[in-house]
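Engineer: Heads up, the sequence shown is in full-length UniProt numbering, so the first residue is 1 and it goes up one at a time.
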Amino acid sequence: MEESSHQSPTYSNFSSPPSSPSSQTPFSMDNLLGLLRIKVIRGMNLAIRDVLTSDPYVVVKMGKQKLKTRVIKKDVNPEWNEDLTLCVQDPNLPVKLTVYDKDTFSLDDKMGYAEFDIKPFLEAVKMHLVGLPNGTIVTKVTPGRKNCLSEESIIMVEDNKVVQNMILRLRDVECGEIELQLQWIDLPGAKRV
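1. So, does the region 124 to 133 touch the region 142 to 149, judging by three or more C-beta pairs under 8 angstroms?
2. Could you tell me which residues DSSP puts in a beta bridge with GLN181?
3. Does the Cβ of ARG49 have 16 or more other Cβ atoms within 10 Å, making it buried, or fewer, making it exposed?
4. Look up ASP101 in the DSSP assignment and give the residues it is bridged to.
5. List the whole-angstrom C-beta distance separating CYS87 from LEU35, where the pair is believed to meet the contact cut-off of C-beta under 8 angstroms.
6. In the DSSP output, which residue or residues are listed as bridge partners for ILE155?
7. Using only alpha-carbon positions, find the residue among ASP83, LYS61, ALA190, THR136 that is nearest to ARG70.
8. Taking its Cβ as the centre, do 16 or more other Cβ atoms sit within 10 Å of SER106, making it buried, or is it exposed?
9. Please report the distance separating the alpha-carbon of residue 194 from that of ARG42.
10. Could you pull out every residue in the same chain whose Cβ sits closer than 6 angstroms to the Cβ of ILE178, ignoring the five residues on either side in sequence?
11. For ASP83, which residues does DSSP report across the bridge?
12. Return the chain-ordered list of same chain residues with a C-beta closer than 7 angstroms to the C-beta of MET161, the five sequence neighbours on each side being excluded.
13. Going straight from the alpha carbon of GLY135 to that of ASN165, what length do you get?
14. Using the Cβ count rule (16 or more neighbours within 10 Å means buried), how would you classify THR85?
15. When you compare the CB positions of PRO78 and PRO56, do they come within less than 9 angstroms of one another, or not?
16. Going by C-alpha distance, which of PRO143, VAL99, VAL163 is nearest LEU122?
17. Which of the three DSSP states is assigned to LEU122 in this structure?
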């Protein structure tokens with residue numbers, strides 16, 4: 001994944017499908033599967049890009065959609081605990097995540113990237129698991145050469161919903177990991193996964 005440094009993007013978070021004519025991507029309920037809520041929990045041991053520290057933020061992309069977290073000042077172990085919600089039309093598209101260091105007078109510095117496949121998560125969602133106790137493990141995704149997982153990722157039931165917890169190791173950088181949690185949101189009128 002080759003991306004050049006850039007100024008901080010000005011994307012906005014949304015929690016429902018965009019419907020205004022100014023939206024980046026036209027969404028129709030005909031091909032919308034549902035919403036993927038990505039909780040960007042925290043960064044761990046992120047790279048230093050300023051003098052002694054960094055001002056990190058995360059950009060999440062899927063297809064033409066782009067969302068970003070807020071900037072956390074002077075922290076290489078930031079805690080965002082921020083929900084970013086993507087509309088899912090094509091489950092084969094990977095979710096791409098890039099961490100940047102916010103700079104005031106120059107281009108923002110890239111602090112690594114990762115991507116992940118949502119297909120194992122959607123397979124668990126398709127099972128329509130209801131009434132299982134909290135903490136019931138549905139499946140596990142193991143780290144490998146084809147994913148950015150730094151450890152085994154657990155897909156489990158929490159509050160009658162399927163969630164996936166993961167820690168991604170950032171690529172193209174000397175150090176850094178990002179902790180995420182995925183949750184699926186069904187929409188009335190959307191295609192079922």
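Virtual Cβ for every residue (Gly too), placed ideally from N, Cα, C.
None of the values given here were measured: they were computed from a predicted structure.
Structural biologist: Well, looking at it:
1. Three or more Cβ pairs closer than 8 angstroms define a contact, and the region 124 to 133 falls short of that threshold against the region 142 to 149.
2. According to DSSP, which records beta bridges pairwise, GLN181 is partnered with LYS39, ASN165.
3. The Cβ neighbour count for ARG49, taken over all protein chains shown within 10 Å, is at least 16; the residue is labelled buried.
4. PRO56, ASP109.
5. About 6 angstroms separates the beta carbon of CYS87 from that of LEU35, a gap short enough to meet the 8 angstroms contact definition.
6. Paired residue(s): THR139, GLN164.
7. Selection ASP83, LYS61, ALA190, THR136 evaluated against ARG70 yields ASP83 as nearest (Cα-Cα).
8. Flag for SER106 reads exposed.
9. Nothing in the structure corresponds to residue 194, since the chain is present only between 1 and 193.
10. Closer than 6 angstroms at the Cβ level, and outside the excluded window around ILE178, lie GLY43, LEU168.
11. Per DSSP, the beta-bridge partners of ASP83 are LYS39.
12. Before going further, note that residue 161 is Lys rather than Met in the sequence given. Within the same chain, Cβ atoms closer than 7 angstroms to the Cβ of LYS161 are found at GLN183, the five residues on either side in sequence being excluded.
13. Approximately 12 angstroms between the Cα atoms of the pair.
14. THR85 counts as buried, since at least 16 other C-beta atoms from the protein chains shown sit within 10 angstroms of its C-beta.
15. It is a contact, given that the beta carbons lie within the stated cut-off.
16. Of the listed residues, the one whose Cα sits closest to LEU122 is VAL163.
17. LEU122: helix per DSSP, three-state reduction.
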